[in-house]
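**Student:** So for the sequence shown, the numbering used here puts the first residue at 10; every next one is plus one. C-beta atoms are modelled at their ideal positions from N, C-alpha and C, and glycine is treated no differently. All figures in this text were calculated on a predicted structure; none of them were measured in a lab. Submitted below is the structure of interest, expressed as structure tokens.
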Amino acid sequence: MPSSDEPCTNLEENRLRDSDGASHVTPVNLLTPPQTSQIAILWFFEICEAIAYSVVYPFVNELVKGLDVVGGDDRRVGYYVGLIQSTFYLTECLCVLQWGRLSDAIGRRPVICIALLGVTLSITCFGLSRTFGALILSRSLAGLTSGNIVVIKSAIGGLADSTDVVQAFQYLPLCWNIGQTIGYFPRSSEQRSMHSPHPLNDPRSLIGGYLSNPSQRFPRTFGDSAFWRTYPYLLPCLVAALFPLSGSIASILFLRETVLHPWRWKGWSKVGRSKRDPKSTPLLPHATPAHRSASLLSILTKPVIISVANYCLLAFISMAYSVLQPLFLSTPIQRGGLGLDPARIGYILTAQSAVGALCVLMLSARLQQNFGVNTVFSMTMAVFMVLHGAFPVMNALAREDRISWQVWFILAVQLVLHGLVEIGFGCMYILLTNASPSRAVLGKVHGLAQTAMSLVRAIGPASSTALFALSVEKNLMGGRLVFVVLLMVVVLGVGLSFLQEDGSMEENAE
Numbered sequence: 010m011p012s013s014d015e016p017c018t019n020l021e022e023n024r025l026r027d028s029d030g031a032s033h034v035t036p037v038n039l040l041t042p043p044q045t046s047q048i049a050i051l052w053f054f055e056i057c058e059a060i061a062y063s064v065v066y067p068f069v070n071e072l073v074k075g076l077d078v079v080g081g082d083d084r085r086v087g088y089y090v091g092l093i094q095s096t097f098y099l100t101e102c103l104c105v106l107q108w109g110r111l112s113d114a115i116g117r118r119p120v121i122c123i124a125l126l127g128v129t130l131s132i133t134c135f136g137l138s139r140t141f142g143a144l145i146l147s148r149s150l151a152g153l154t155s156g157n158i159v160v161i162k163s164a165i166g167g168l169a170d171s172t173d174v175v176q177a178f179q180y181l182p183l184c185w186n187i188g189q190t191i192g193y194f195p196r197s198s199e200q201r202s203m204h205s206p207h208p209l210n211d212p213r214s215l216i217g218g219y220l221s222n223p224s225q226r227f228p229r230t231f232g233d234s235a236f237w238r239t240y241p242y243l244l245p246c247l248v249a250a251l252f253p254l255s256g257s258i259a260s261i262l263f264l265r266e267t268v269l270h271p272w273r274w275k276g277w278s279k280v281g282r283s284k285r286d287p288k289s290t291p292l293l294p295h296a297t298p299a300h301r302s303a304s305l306l307s308i309l310t311k312p313v314i315i316s317v318a319n320y321c322l323l324a325f326i327s328m329a330y331s332v333l334q335p336l337f338l339s340t341p342i343q344r345g346g347l348g349l350d351p352a353r354i355g356y357i358l359t360a361q362s363a364v365g366a367l368c369v370l371m372l373s374a375r376l377q378q379n380f381g382v383n384t385v386f387s388m389t390m391a392v393f394m395v396l397h398g399a400f401p402v403m404n405a406l407a408r409e410d411r412i413s414w415q416v417w418f419i420l421a422v423q424l425v426l427h428g429l430v431e432i433g434f435g436c437m438y439i440l441l442t443n444a445s446p447s448r449a450v451l452g453k454v455h456g457l458a459q460t461a462m463s464l465v466r467a468i469g470p471a472s473s474t475a476l477f478a479l480s481v482e483k484n485l486m487g488g489r490l491v492f493v494v495l496l497m498v499v500v501l502g503v504g505l506s507f508l509q510e511d512g513s514m515e516e517n518a519e
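The following block contains the structure:
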């Protein structure tokens, strides 16, 4: 138990214990100014990476369609686009854990800077690629340098105290959504699913669509240039690359190090400066030295295993919903969907995004403070029972009376409840940090979770859509087999969420 003059170390809530062992919860404090500025910088990095990763979605189909490997057969485009995306997830799965381990050894700051520079290079190479092999290599480089997905979360976990970790993590999913909106701004049902392996072009996209093919879109400025006709998708990639490039510069100039380690990079880490320099003092007084000798097996504690399993189940269930929702809305009623037109689907998904943002801004911290992170996470998992269960109910009602007010009412309830999903991901980041044996191995813990997440991301969308098609084609359980299977997975996830252990990193280490 920490002394009275030390900050409480429980990352879920600030518990003060009485002499009889009882506990009560004190209000979560606001972030201090130094923490606010540092965490805001990390939020900015998240936005930068989201822009760079998502900018290719609006034009990747058109880019692949013009390659010799397709041979003019448009039916093969989706296959090769899927290979490009799978390559990214495969390389991410192989490398992301190593980035986390490296950040534990040499610090978050140099790793974040290097990864941002790698993202800048990869997206620039993608715009310059004119062959399928070059696209594969550039997307592999993107996966290779995707370590900040882990390191940013680890850095936030090292910056935030137990009394403000909820605020620190709650906006992280929102930052990623903001970056995606800037990168490709989905306006159709197919574009909305960030996990779909077959995104379609959308000329109304902000960067990825609006700036692609500038020689045709802006003939007065770029029409006479053979260079832009040769590389029609380089301009959006260059604009997107400016964001991670600016992030890397910001990491050098403004980001403080939170990991104390024997390798003091004077050109990188501010802990390598003179001890009399106030900026050399770690932002956290209780920051711990990196345990470079900590092995992967040493972090596989029960809390970590349960947290990673919960993360994977949340990711799978959420991605399945993201993929199936536009598919269900567009599929004809007689084949198991609602048969809505793309315009209506776009409005529905836009409203869903807005509701999700409002939930994060208005409800996330309040719910977590009042009920606890574990309880809110379990509630989030339980919400998926309604989300997935609503699909067959809406189709059954539509078969009887087309699209009646009852269908629209259920759809509205579904959209509102989906807002809790973003809160669930924020809770998961806290729980993963909370499960870590110590701050010194935060990178390894988040790296392990992201590695498992990458595997789920690679198989989740394809398996869900394939099962939906099989259910409808074979009329399995009236075409509803896919939802029955997903409900079983949700029940498993809800049950596993109750096994999530409470406690701080320090308590787990004891």
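#1: Going by alpha carbons, who is nearest to Ala49 out of Phe492, Phe393, Phe178?
#2: Based on Cα-Cα distance, which residue from Gly452, Gly166, Arg344 lies nearest to Arg408?
#3: Let's test the definition: count the other Cβ atoms within 10 Å of the Cβ of Met497 and tell me whether it reaches 16, buried, or not, exposed.
#4: Less than 8 Å separating the beta-carbons of Phe141 and Val65?
#5: To the nearest angstrom, how far is it from the Cα of Ala143 to the Cα of Gly152?
#6: Cutting at 6 Å between CB atoms, please list the residues of its own chain near Phe227, excluding the five before and the five after it.
#7: How close, in whole Å, do the beta carbons of Ile216 and Ile191 come, if the pair is a contact with beta carbons under 8 Å?
#8: Three or more beta-carbon pairs under 8 Å between the stretch 106-115 and the stretch 452-466, yes or no?
#9: Can you look up Asn484 in the DSSP assignment and give me helix, strand or coil?
#10: Kindly give me the distance between the Cβ atoms of Gly398 and Phe492, rounded to whole angstroms, as I take these residues to be in contact under 8 Å.
#11: Could you give the distance in angstroms between the alpha-carbon of Met394 and the alpha-carbon of Val425?
#12: Would you check if there are 3 or more beta carbon pairs closer than 8 Å linking the stretch 432-441 to the stretch 320-328?
#13: Taking the alpha helix (DSSP H) that Asn222 falls in, what are its first and last residues?
#14: Mind pulling the alpha helix (DSSP H) runs of 4 or more residues that sit fully within the stretch 407-453?
#15: In or out: Tyr356 buried (at least 16 other Cβ within 10 Å) or exposed?
#16: Return the Cβ separation of Leu51 and Ile161 in integer angstroms, given the expectation that the two are a contact with Cβ distance under 8 Å.
#17: Do you know how far the Cα of Pro245 is from the Cα of Leu130?
#18: Mapping DSSP to helix, strand and coil, what is Thr100?
#19: Among Met390, Ala475, Pro241, which residue has its Cα nearest to the Cα of Pro67?
#20: Is Ala235 buried or exposed, if buried means 16 or more other CB atoms sit within 10 Å of its CB?
#21: Thr239: buried (16+ other C-beta within 10 angstroms of its C-beta) or exposed?
#22: Under a three-way DSSP split, which group does Gly346 fall into?
**Tutor:** Straight from the coordinates:
#1: For the residues Phe492, Phe393, Phe178, the minimum Cα distance to Ala49 belongs to Phe178.
#2: Arg344
#3: exposed
#4: no
#5: Rounded to the nearest angstrom, the two C-alpha atoms are 14 Å apart.
#6: none
#7: 6 Å
#8: yes
#9: Here Asn484 sits in coil by DSSP.
#10: Between Gly398 and Phe492 the beta-carbon gap is near 7 Å, inside 8 Å, which marks them as a contact.
#11: 14 Å
#12: yes
#13: Unbroken run through Asn222: none, as it is neither H nor E.
#14: 414-444
#15: exposed
#16: 5 Å
#17: 14 Å
#18: helix
#19: Pro241
#20: exposed
#21: exposed
#22: coil
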